[in-house]
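Engineer: Sending over a structure as structure tokens; questions will come in a sec.
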Amino acid sequence: MKTQFILVLTSISLLTNVAFAQTPFERLGQKAMTGGQFSTAAGYFEKAYASDKSNMNALWLMGYSSYHAADYRKSIDAFDRLISMKPTETAAYYYRGKAKALYAATFKEAKSVEREKLLCGAIKDFSSALDLTPNDYKLYQNRALAYQEYALYKSQKIADVYNKSVAINACNSSIADFQKVLEESGYRRDIMAQIEKSKQLLSDIK
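Numbering (our numbering), first residue to last: 227 to 432.
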């Protein structure tokens with residue numbers, strides 16, 4: 227586990243082209259991350275960023291740590307700032323999209339403007355990441371899941387939520403993305419199950 231996090235941290239440093247662990251707070255954050263203490267790490271990286279608002283490395287790691295600490299709002303905010311500074315950072319779109327999708331799931335109300343906004347934002351983020359790295363099939367898989375959740379939301383026959391055409395389009399997009407994953411990886415039981423789920427939802431909507 228420790229080796230895995232060191233590799234992650236190294237790749238993040240290379241992505242942002244910033245020397246890693248330049249400050250005491252970053253070094254403390256790195257130590258906390260390698261120990262799996264993501265919430266503590268996020269706090270250290272936030273302090274590092276507060277002392278230098280140009281420190282993209284600290285900002286990246288704040289978003290990443292917050293994501294793994296399940297503080298999705300804080301993760302989204304960090305990646306918002308990072309993307310405004312470096313709009314070609316594919317992984318930032320990926321993690322922001324993941325954070326939005328997971329945060330959306332915390333809104334349990336059948337009718338939730340915030341849930342819909344987050345799901346649409348997740349789809350957009352995965353699409354932006356695909357524009358930058360079109361052969362990254364984990365992006366297709368995650369976008370497919372977001373489309374599927376959005377189709378479920380829009381298929382609810384509730385005033386100001388239900389929209390049959392939007393739900394159908396989201397289902398079809400979900401199926402298309404899952405099929406792209408299959409084309410790349412071959413047969414996968416989990417992906418086939420998700421395709422069947424989207425197809426059943428599509429049938430129910432129609």
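Cβ coordinates follow ideal geometry from the N, Cα and C atoms, glycine included.
May I ask you to verify whether the stretch 362 to 372 touches the stretch 335 to 343, counting CB pairs closer than 8 Å and requiring at least 3?
Structural biologist: At 8 Å Cβ cutoff, the stretches do not touch.
Engineer: Could you give the distance in angstroms between the alpha-carbon of A396 and the alpha-carbon of G347?
Structural biologist: Rounded to the nearest angstrom, the two C-alpha atoms are 14 Å apart.
Engineer: For a test of the three-state rule: what should DSSP assign to P313, helix, strand or coil?
Structural biologist: Coil.
Engineer: Pairs of beta-carbons, one from the stretch 314 to 327 and one from the stretch 268 to 278, closer than 8 Å: are there three or more?
Structural biologist: These segments do not touch.
Engineer: What are the uninterrupted segments assigned as alpha helix (DSSP H) that are 4 or more residues long and contained completely in the stretch 265 to 328, given in chain order?
Structural biologist: The stretch 265 to 328 contains these whole alpha helix (DSSP H) runs: 282 to 294, 298 to 311.
Engineer: Go to G255, then tell me how far its alpha helix (DSSP H) extends in each direction, as first and last residue.
Structural biologist: Unbroken alpha helix (DSSP H) run through G255: 250 to 260.
Engineer: Measuring alpha carbon to alpha carbon, tell me which of D386, K383, E422, K390 ends up nearest A402.
Structural biologist: Residue E422 is the option with its Cα nearest to A402.
Engineer: Could you tell me whether the stretch 255 to 271 touches the stretch 290 to 307, using the rule of 3 or more Cβ pairs below 8 Å?
Structural biologist: Result yes; three or more Cβ-Cβ pairs closer than 8 Å.
Engineer: Exposed or buried, which one is K326 when buried takes at least 16 other CB atoms within 10 Å?
Structural biologist: Burial call: buried.
Engineer: In three-state DSSP terms, what is K425?
Structural biologist: DSSP places K425 in helix when its eight states are reduced to three.
Engineer: For the alpha helix (DSSP H) holding Y379, just list the boundary residues, first then last.
Structural biologist: Y379 -> alpha helix (DSSP H) spans 363 to 380.
Engineer: Sorted by chain position, which residues of the same chain lie with C-beta nearer than 6 Å to E410's C-beta, five sequence neighbours on each side aside?
Structural biologist: Excluding residues within five positions, the ones whose Cβ falls inside 6 Å are Y363.
Engineer: How long is the line joining the alpha carbons of N389 and Y376, rounded to whole angstroms?
Structural biologist: Cα to Cα, N389 sits roughly 11 Å from Y376.
Engineer: L428 and I384: beta carbons closer than 8 Å?
Structural biologist: It is not a contact, given that the beta carbons lie outside the stated cut-off.
Engineer: Short of 6 Å in beta carbon distance, which residues of its chain neighbour A330, apart from the five on each side in sequence? Order them along the chain.
Structural biologist: Counting only Cβ-Cβ distances below 6 Å, and skipping sequence neighbours, we find R341, L344, L345.
Engineer: Where do the ends of the alpha helix (DSSP H) carrying D351 lie?
Structural biologist: Element bounds for D351: 339 to 358.
Engineer: So, S291 versus A268, is the Cβ gap smaller than 8 Å?
Structural biologist: The answer is yes: Cβ separation under 8 Å.
Engineer: Note the first and the last residue of the continuous alpha helix (DSSP H) segment covering A331.
Structural biologist: First-last for A331: undefined, no H or E at that position.
Engineer: How many angstroms separate the CA atom of Q248 from the CA atom of L371?
Structural biologist: Cα to Cα, Q248 sits roughly 38 Å from L371.
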